[in-house]
Each structure stands twice: as C-alpha cells, then as structure tokens.
Amino acid sequence: MENKRIEKGERAVSTEHTAGVTTDALQSETVVTQRNTGKLLATHGYVVGIEISGSGARQSVALAALNGSILQRICRPLDFVPDSETALDLLDDMLNEVLDPALLLDGRILRVGVAVGGLVDATHGIVRTLHHTHGWNDFPLQDYFAEKLDAPCIIDNNANAAALAEVQRGAGKGERVVLYVGLGRGIGGALIVNGNIYHGTTCTAGEIGHMLVKEGGPRCSCGGNGHLEAIASAQAIVSSLRELAAEYPPTMEAIHRITGGQVEQLSVEQVFQLATQGDEIAQHIVNEVHTYLSIALTNIVHLVNPGIIILGGPVAQAGELLIAPLQARIQQICLPEASQSLRIVQGSLGSEANIVGAVTLALQDL
Ligand SMILES: [Zn+2]
Numbered sequence: 001m002e003n004k005r006i007e008k009g010e011r012a013v014s015t016e017h018t019a020g021v022t023t024d025a026l027q028s029e030t031v032v033t034q035r036n037t038g039k040l041l042a043t044h045g046y047v048v049g050i051e052i053s054g055s056g057a058r059q060s061v062a063l064a065a066l067n068g069s070i071l072q073r074i075c076r077p078l079d080f081v082p083d084s085e086t087a088l089d090l091l092d093d094m095l096n097e098v099l100d101p102a103l104l105l106d107g108r109i110l111r112v113g114v115a116v117g118g119l120v121d122a123t124h125g126i127v128r129t130l131h132h133t134h135g136w137n138d139f140p141l142q143d144y145f146a147e148k149l150d151a152p153c154i155i156d157n158n159a160n161a162a163a164l165a166e167v168q169r170g171a172g173k174g175e176r177v178v179l180y181v182g183l184g185r186g187i188g189g190a191l192i193v194n195g196n197i198y199h200g201t202t203c204t205a206g207e208i209g210h211m212l213v214k215e216g217g218p219r220c221s222c223g224g225n226g227h228l229e230a231i232a233s234a235q236a237i238v239s240s241l242r243e244l245a246a247e248y249p250p251t252m253e254a255i256h257r258i259t260g261g262q263v264e265q266l267s268v269e270q271v272f273q274l275a276t277q278g279d280e281i282a283q284h285i286v287n288e289v290h291t292y293l294s295i296a297l298t299n300i301v302h303l304v305n306p307g308i309i310i311l312g313g314p315v316a317q318a319g320e321l322l323i324a325p326l327q328a329r330i331q332q333i334c335l336p337e338a339s340q341s342l343r344i345v346q347g348s349l350g351s352e353a354n355i356v357g358a359v360t361l362a363l364q365d366l
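The sequence shown lines up with residues 1 to 366 when you count with UniProt numbering.
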C-alpha cells in the first residue's frame, strides 16, 4: 500500500472512552468479504467512506471497492457527545483498523468521502458548524483527511450524501428530481436533480430542519423557535412524549410497558406504536409530526416539484405509520398538479444510508 499509514499517536485509549462505547459498538460489525484468502482483492484501488453524525456520537468508517461494494465497515456509536478532538481521535483508531495493510492485497486509497451531520461548505471542504456538539466551527475537514490518508477527499452534508446513495443504489433509482429527508436526531434534507446534489449558493440548500413551521413553537438546536427539527426530529418526538408523560401517569405506564422499564431507550417507532394503541398523549405528538412535516413538505413540493420524497433516519423506521397519514395530508393541502404523481417512500438503505453515502461521494468524485 502506497498510502501513508495513519499514525496512532500517543493518545492512550482512556477507560472513559471504553466505558462510553455502547453494547452495539462492542459488537461492532466488521465485514470482510474475501475470507478465503484473508486478503481484500482490488485491482486498481479502494475508496474510504467516513460518517460523522450531527452529535459526533455515531461514527462509521468503510473501505469499499471501486464497484461500490463495502469490504470492511466499522460503526462505533457512543453514549456521550464527543468534542471534535475526541471524535477525530476515535476515527483515527477506526481508520487504522479498517486500513490494516495485512488485509489490503494491492491498490491504494484513491478517494475519501466524508458525510457530516452539520452545515458543510462542500465547495471549500470546510465544516461550518455542527449544531449538536462543539469544536467543529470552520473546521477544514477535507484537508484533514486528505493529509491523513494521502488521498483526495470530498466532504458533504450527511443528508446530501445519503440522498445521493438512495438515488444511485436505493429507493430513488431512475428518479430525476428527488427530495431526501433525513429524520434523525436533527432533520436534514437534500435535493438531487438529474443525479447531482443541488447545493445552492452557500451550500445550505436542503436545510429543511430549520424551516419555520410553527411560530412561537419549541426551541431548535440552532437557537431558533418553531423550526421543523424542534417538532419532528427523533429527539424532539421522544423527549416531548417523556416530558408530557411526567404529568400523565397512564402514558408513563405505557412507556414503561413498551420499553420494558427502560424509559431512556424509548424509540420513535415505539411512540408511533403507542399512538396506534390509543395513547392520547402519543397521538397528540404524532399528530403534531404529521401536521408540521406535511406543511414543510408541501411547501417544498410547490417549489421544486419532486417525483419522489425519500424519508430516512430513525423516524422513518415508523414506516407506514408515518408515511400513509403524511401522504394523505399532503394530497389534501397540495395543488393536485404538483402532488398527483408524487411518491413518498421509506429509504431502502436504512441506517446505512449515511456511510453508503460517504462511499458514494468518494466514488462519484473519481
Ligand atoms: Zn433550527
């Protein structure tokens, strides 16, 4: 391998980091396809994909062949929010594992793609800010990884990356105008037109999480009020139900029942299930999500007239419980000419969309 190896550095892995790694991370998946030889086969080289979530707590690294197949992948979610230095140290360790020269037969790293859960200036390769953590403002991430891995690097917002992946190899194949909405801890959006990411003038196109949908509404991660993200993100949905349930004992009992007593583990899918089971507080929250998400999406549909809206992220895991009422409301309030052929679907890449997106960014840049 011609690439410069990543130096481990002097930082010892502290017990705090080890303790912070969740059970999932301890069982982190490493996929090696060519097990018969113990070597990864590549004739001309590889690409590397890197995912950094909006809080920095979910990080993934993938090594992929030039046909896009992922040869190795490590995902290490944390149960704390790291600052930028901690996140980059952990990524260094993960890169060292994935790029083990003993596994690489030949070829070198040709491109690095990075999907970041925040405001990214993709033109200049700079992270502008991550609203859910700190230490990332104006961080030159593209140069950082290009130097580390001795290969050209491309960075972009994670919704843009996931959208590109869904269009090239997921639910949006063959579609010309695609709106992707990543409903995670925050809300990201992306517009793909004729196979290309639409970035806008200063690379903030698609930041639909910060659309004002409810004047005087709850506070958003960006500091504003009534933004879509403050109502319909995974964090907003789950924390709203927990907060309201503190004053409604039947709802609190229902949460205990559905989570097996692990109230902190309550998922968005479970909130939707509680609503379906008749819990009035959960129904109120789900209704708010449907109402304000349909308003935001309808406004976007009137502007860009997409053929498909792909919903990704943990909130989309609610599947038809989210999508069917949403589709019905949009049909009600949208001009028929704009919505008659519109499809709203769940992304087909699931929780892999961002890391596959990072790999896709790298491949598209070759
Ligand atoms: Zn906001």
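Just so you know, even glycine gets a beta-carbon here, dropped at the ideal spot from N, CA and C. Since we're looking at a predicted model, the values are computed, not measured.
Judged by beta-carbon spacing, residue 359 lies within the 7 angstroms limit of residue 62, meaning their Cβ atoms are closer than that value. For residue 305, no alpha helix (DSSP H) segment is defined, and its DSSP state is neither H nor E.
Shortest gap from the CB of residue 132 to any heavy atom of ligand 1: 6 angstroms or more. The Cβ atoms of residue 226 and residue 244 lie no closer than 7 angstroms to each other. Ranked by Cα distance from residue 96, the first of 255, 143, 116 and 149 is 149. When secondary structure is reduced to three states using DSSP, residue 145 falls in the helix class.
Apart from sequence neighbours up to five positions away, the residues of its chain that approach residue 208 with a beta-carbon distance below 8 angstroms are 181, 187, 188, 189, 228, 296 and 300, ordered along the chain.
DSSP places residue 163 in the uninterrupted alpha helix (DSSP H) bounded by 158-169.
Take the alpha-carbon of residue 224 and the one of residue 130: they are about 15 angstroms apart. Rounded to the nearest whole angstrom, the CA to CA distance from residue 357 to residue 332 is 33 angstroms. By the Cβ-count criterion, residue 137 is exposed, with fewer than 16 other Cβ atoms from all chains shown falling within 10 Å of its own Cβ.
The alpha-carbon of residue 309 is positioned some 14 angstroms away from that of residue 165. For residue 202, the number of other beta carbons within 10 angstroms of its own is below 16, and it is reported as exposed. Every residue whose beta carbon comes nearer than 5 angstroms to a heavy atom of ligand 1 appears here in chain order: 210, 220, 222, 224 and 227.
Per DSSP, the unbroken alpha helix (DSSP H) holding residue 238 starts and ends at 234-245. In terms of Cβ geometry, residue 145 and residue 112 form a close pair [threshold 7 angstroms]. Between residue 48 and residue 110, the CB-CB gap reaches or exceeds 7 angstroms. In this structure, the beta-carbon distance from residue 158 to residue 354 falls below 7 angstroms. Scanning the stretch 48-102 for uninterrupted beta strand (DSSP E) segments of 3 residues or longer gives 59-65 and 70-75, listed from N- to C-terminal end. The three-state reading of DSSP puts residue 248 in coil, since its state is none of H, G, I, E or B. Contact check for residue 362 and residue 154: beta-carbon distance about 6 angstroms, within the 8 angstroms limit, so the pair qualifies.
Setting aside the 5 residues that flank it on each side, residue 176 is surrounded in the same chain by 193, 194 and 307, each with a C-beta closer than 8 angstroms to its C-beta; the list follows chain order. With a threshold of 16 other beta carbon atoms within 10 Å, residue 85 falls short and is exposed. Residue pairing from DSSP leaves residue 298 without any beta-bridge partner. In this chain, the alpha helix (DSSP H) harbouring residue 329 covers 320-333. In the three-state reduction of the DSSP assignment, residue 46 falls in the strand class, which pools E and B. If the five residues before and after residue 321 are omitted, its C-beta is found closer than 7 angstroms to the C-beta atoms of 272 and 276, all from its own chain and listed in chain order.
Straight across, the Cα-Cα distance linking residue 242 with residue 147 is about 45 angstroms.
In this structure, the beta-carbon distance from residue 91 to residue 59 falls below 7 angstroms. Residue 75 and residue 318 have their C-alpha atoms roughly 23 angstroms apart. Spatial neighbours of residue 119 in its own chain (CB-CB distance under 6 angstroms, excluding positions within 5 residues in sequence) are listed in chain order as 128 and 129.
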